[in-house]
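Quick note, the sequences are listed as chains A and B, same order. The opening residue of the first sequence carries number 1 in the numbering used here; numbering runs sequentially from there. The opening residue of the second sequence carries number 1001 in the numbering used here; numbering runs sequentially from there. Beta carbons: idealized from backbone N, C-alpha and C, even for Gly. Encoded as structure tokens, the structure appears first; notes follow it.
There are 2 protein chains.
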Amino acid sequence: MESFDSEASYLAELAHRAGLPDGFRAATTRFHFTPAERPAGKPYGMNLALLTVDPPSRSFAGLFTRNRFPGAPVIVARQRMHAPRLAGILINNKISNVCSPTGLEDVHTLTSAVAERLGGDASEFLSVSTGIIGWSLPVSHMVDSLPNLGERLGRADALEVARAIMTTDSFPKVRSATVGGARIVGIAKGAGMVEPNLATMLVFLLTDADIDREALRTILSRAVAQSFNRISVDSDQSTSDMVVAVSSQRHPVDEAAFESALSGVCSALAGDVVRNGEGTCHVIRVRLRGVERESDAAGLAKAVVNSPLVKTAVYGNDPNVGRIIGALGDHAGTFDVALDPTLVEVRMGSEVVFSQGVFRLDKEKELRLSDYLRAAAIDPNSHGFPQHDRCVDIDITCGTGPAEVEVLGSDLSHGYVTENADYRT
Amino acid sequence: MESFDSEASYLAELAHRAGLPDGFRAATTRFHFTPAERPAGKPYGMNLALLTVDPPSRSFAGLFTRNRFPGAPVIVARQRMHAPRLAGILINNKISNVCSPTGLEDVHTLTSAVAERLGGDASEFLSVSTGIIGWSLPVSHMVDSLPNLGERLGRADALEVARAIMTTDSFPKVRSATVGGARIVGIAKGAGMVEPNLATMLVFLLTDADIDREALRTILSRAVAQSFNRISVDSDQSTSDMVVAVSSQRHPVDEAAFESALSGVCSALAGDVVRNGEGTCHVIRVRLRGVERESDAAGLAKAVVNSPLVKTAVYGNDPNVGRIIGALGDHAGTFDVALDPTLVEVRMGSEVVFSQGVFRLDKEKELRLSDYLRAAAIDPNSHGFPQHDRCVDIDITCGTGPAEVEVLGSDLSHGYVTENADYRT
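Next up, the structure:
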């Protein structure tokens, strides 16, 4: 089990993971500005981060939100996945560039300015934004910061980038793996059920493994399907979500070993995203098996992990398992998923709470379950690092079908409401 | 606009509505017990209510949850909708009879005991339960209370029944209408996004209008589709939800006028259910038009009104309209609903906040919207009655399609989390 007793010990571990793979450089900077749309209040601080690969990569891949109101960065990045080369990625926090009157123009201005500074063509760069939806980027401030950013290139590691792209994530997220002589370093900014105010999950996977573009695209799709698409966060369909992988193709690797390593990095980052937030007091892991189709398995599991009633009960350390059955039955009824109550078995931790169509509860079991929930809690007063990696396990068998799925989610706490009801500050 | 300045003035209005239609009688009683599954704590109080129609009705109708784990009361009531006559309904709060090992047996025991006491056959009675899912009914206590309940028959009005079937509803809900020489009285127990701990909406519609069984069933289906199926509450798919209409067929009515009156009662009760709870600080009304299919219109509107991000922002009086667009785009992307961002217009109150693919925001508009949200707030410290009937109106035009829908929901507040995270007390 992975466990940290202080923010310092967590950051030391991240620093250990954070050296960039061969061929990559990074820089960050920060400035202040006042959004044009904001009624009142202090200026905002915005971080800029720049990731570059030299020479420009011919092997890169991206997966993007299916949201029908994608941000300008998503629209442009989707196009640029077809370009021959990718040289760098500029990332800002604080304001996302979604449905702004000048959104596409802003991306072109920013990537042209970066290209002019570093050499190459605007089409070889991405501009990526995360933050408030609906307001416009402070483009001239951002352009003014580029000289400083260019001068600092090479000074930042993945940890510094991970911190710069945080919005109200409570801790930075970096994971790494080695595969043969190559490395994979993953950086995530996310959101959990925590700060979807800023509504975005961004993931950058950098590697010096010599993997070609087509193989990278295939492998990334499979890794994301089993990791980021299996965490139940508001943001998994935000207007700005993206996962981008870039290779500098320096070191030969076995393709299967690379896929396994990349999948491991993605799964670990997905777990970090769920666990990260100030509002998260429990991570809930639902494993569901025994239905015919994987899409039904995912739908049922997400119905449980997304149920506000299940989430609030877990927050309160209340083993109110009736709500699990309520959520399952609701989803099955609404989406017409075959589900025979007499074949359903539900466990929380190691306790069977429902089988053969009826609840299996007694006083002693309720007490044990309540203790189990308390032991899996995350102390909201010592955030800034993940204290442990314990989950509330809900295991559901629906019958004898072949499909099986694992989904991670978080509870619903006062911290969540406070965070998201606050005026955009 | 309907507005009450005190609980007393609200209850006075309800008492005015609460006389039962001709042919109906009611009674309530209360007792204490300790649930077998409860680890510790004080005994629970349970209310019993009895509604009867004399002579037994030949014109009645019911609509039930589609949840795949229906409670025993739902399973039995569905069957008994095919019986020739309905003589009465026994209702308890505190524990719902869902997937209990003895659930069906308990319904038969209770309805047999009522039939024995009042005359008639068990199949002419319903036993309806609302409360905690997973625990078993205290059947022997309930049977012991029946003599007392029988003696009191005729003493209660609809208001007393509405109060008896409350769980943590913050106020009783009664609506009535006259149509020709007949009356309709509706009683609801519900749930809003408020106390779905107890996870049930129950609605009883009593009338002395001479409307036959087939007509009543058709009219009830249409009225429910446009009212209770258009409020977005966890409980609209709970394990126990039901709407039952019963006629004593005393007074001739025009069928169209009856339908209009019944629909009005249903819509008003649906609004009461959303507004009722301790956790509700704003009622949100989404009107969405311009898509091809009504099911897509309902899906999109519910995606907005159910979004935890939209709900928490409204709670905080923060006009974070980016979240409305995020929720629309997420639903459209996930369920593949055609949606052209350039045709979408979104208004909050009277302000256009999004049109032709971009946000329309400035400082002054943000201030006006924040004031608008504050004016629609419900003071959580003076619950017990609905203070006003103001809503937060979100009007969405998606294009030129014919479908149009109106959905009511509530915000997501600290009160909601507190209510639902508390151990089942």
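Under a three-way DSSP split, which group does residue i fall into?
i	result
V1161/B	helix
K1363/B	helix
G1399/B	coil
I1211/B	coil
I429/A	Nothing about residue 429/A can be read from this structure; chain A reaches only from 1 to 425.
S6/A	coil
V253/A	coil
A156/A	coil
F31/A	strand
A15/A	helix
F1228/B	helix
S1238/B	coil
G384/A	coil
Thinking C-beta only, is residue j closer than 7 Å to residue i?
i	j	result
T1018/B	V1174/B	Thr is not the amino acid found at residue 1018/B; the sequence shown has Ala there. Their beta carbons are under 7 Å apart, which means A1018/B touches V1174/B by this criterion.
V1053/B	S1248/B	yes
E294/A	A403/A	yes
I396/A	L288/A	yes
V405/A	A313/A	no
P56/A	E124/A	yes
R1068/B	G299/A	no
L1126/B	I1089/B	yes
N996/B	R1374/B	With chain B represented from 1001 up to 1425, any question about residue 996/B goes unanswered, as that position is not in the structure.
C1398/B	V1291/B	yes
V1346/B	F1335/B	no
Y315/A	A1421/B	yes
D411/A	H282/A	yes
P1138/B	R1275/B	no
V304/A	A327/A	yes
V358/A	C1099/B	yes
A1036/B	L1050/B	no
A1015/B	L1104/B	no
V1243/B	V1224/B	yes
G1333/B	R117/A	no
V321/A	G1134/B	yes
From the DSSP secondary-structure annotation, give me the bridge partner or partners of residue i.
i	result
E1404/B	R1289/B
D393/A	R285/A
S1355/B	V1358/B
M142/A	DSSP output for M142/A lists no bridge partner at all.
T1178/B	R1183/B
F1204/B	I1187/B and V1244/B
K173/A	A188/A
F258/A	DSSP, once it has assigned bridges, lists no residue as partnering F258/A.
R1025/B	T1052/B
G1409/B	I1284/B
Would the C-beta of residue i count as close to the ligand ADP, meaning under 6 Å from any of its heavy atoms?
i	result
G409/A	This structure simply doesn't include the ligand ADP, nor any ligand for that matter.
List, in order along the chain, the chain A residues whose C-beta lies closer than 8 Å to that of residue i?
i	result
F1335/B	Chain A residues near F1335/B: none, gap ~10 Å exceeds 8 Å.
I1325/B	F69, V98, C99, I133, G134 and T239
L1339/B	R68
L1328/B	R68 and F69
Please list the partners that residue i has in chain B, where partner means a Cβ-to-Cβ separation under 9 Å.
i	result
F359/A	E1037, V1098, C1099, S1100, P1101, I1133, G1134, W1135 and S1136
S413/A	V1417 and A1421
L216/A	Ordered by position in chain B, no residue passes the 9 Å Cβ test against L216/A, which lies about 24 Å from the chain.
Using a Cβ cut-off of 8 Å, pull out every chain B residue sitting near residue i, in sequence order please.
i	result
R230/A	Result: empty, since nearest Cβ-Cβ is about 15 Å, beyond 8 Å.
Against residue i, what residues of chain A qualify as contacts under a CB-to-CB distance less than 9 Å, listed in chain order?
i	result
Y986/B	Chain B is shown from 1001 up to 1425; residue 986/B falls before or after that span and cannot be answered.
V1321/B	I133 and G134
E1366/B	E37, R38 and P39
In chain B, which residues lie with their C-beta within 7 Å of the C-beta of residue i?
i	result
T312/A	V1417, N1420 and A1421
P380/A	By Cβ distance, chain B contributes nothing, its closest Cβ being about 13 Å from P380/A, past 7 Å.
D426/A	What is shown of chain A runs 1 to 425, which leaves residue 426/A out entirely.
F33/A	Those within 7 Å of F33/A in chain B number zero; the least Cβ separation is about 15 Å.
Give the interface partners of residue i over in chain A, defined as CB-CB distance under 7 Å, in chain order.
i	result
A1332/B	R68
H1251/B	Ordered by position in chain A, no residue passes the 7 Å Cβ test against H1251/B, which lies about 37 Å from the chain.
| Residue ranges of each alpha helix (DSSP H) run of no fewer than 4 residues wholly in the stretch 1033–1092 of chain B, ordered along the chain? | The stretch 1033–1092 of chain B contains these whole alpha helix (DSSP H) runs: 1072–1080.
| Which runs of the alpha helix (DSSP H) spanning at least 4 residues fall entirely within the stretch 266–352 of chain A, listed in chain order? | As far as the stretch 266–352 of chain A is concerned, its whole alpha helix (DSSP H) runs of at least 4 residues are 294–306, 308–315 and 322–335.
| Residue ranges of each beta strand (DSSP E) run of no fewer than 3 residues wholly in the stretch 1096–1148 of chain B, ordered along the chain? | For the stretch 1096–1148 of chain B, whole beta strand (DSSP E) runs of length 3 or above, ordered along the chain, are 1125–1129.
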